[in-house]
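Residue numbers (our numbering): 1 to 102.
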Amino acid sequence: MNWVSICKVGDISDESPLAVKVGDKEIGVFRVEGRLHAIEDICPHAYALLTEGFIEGRTVECPLHEAIFDIPTGKLQSGPGCRDLNLYEVRIEGDDVLLNMA
1 MNWVSICKVG DISDESPLAV KVGDKEIGVF RVEGRLHAIE DICPHAYALL TEGFIEGRTV
61 ECPLHEAIFD IPTGKLQSGP GCRDLNLYEV RIEGDDVLLN MA
């Protein structure tokens, strides 16, 4: 596995997800129900950062075309998202948040 440190735990809140770029991948890290989840940050319908979208409970709505995704599963719930989102495994070590980029 290829774990990469991306931020500190305190950098992410329920209201403020974190956008990170690891290599050529843009990833959004969200806190939902006390757990961290990492999903691809770019809506598959059209280029829009989901970390700039509208968060409600477990979902994020694309800020451009209203596609809605379930954050923990990456599943498309409604709208023109075209497909589910890619997920990335998250691990916390001490105060560091790490992503598995394998």
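C-beta: ideal position from N, C-alpha, C; glycine also.
Item to complete: Pull up the distance between the alpha-carbon of Leu49 and that of Glu33, whole angstroms please.
Response: 22 Å
Report yes if the CB atom of Ile68 is closer than 8 Å to the CB atom of Glu61, and no otherwise.
-> In contact: Ile68 and Glu61 (Cβ atoms closer than 8 Å).
For Val9, count neighbouring Cβ atoms within 10 angstroms of its own Cβ and tell me buried if that reaches 16, exposed if not. exposed
message = I believe Ile55 touches Val29 by the beta-carbon criterion, under 8 Å. Please report the beta-carbon distance rounded to the nearest angstrom.
response = No, Ile55 and Val29 are not in contact; Cβ-Cβ is about 12 Å, not under 8 Å.
>> Per the DSSP calculation, Cys7 is bridged to which residue(s)?
In response: Val97
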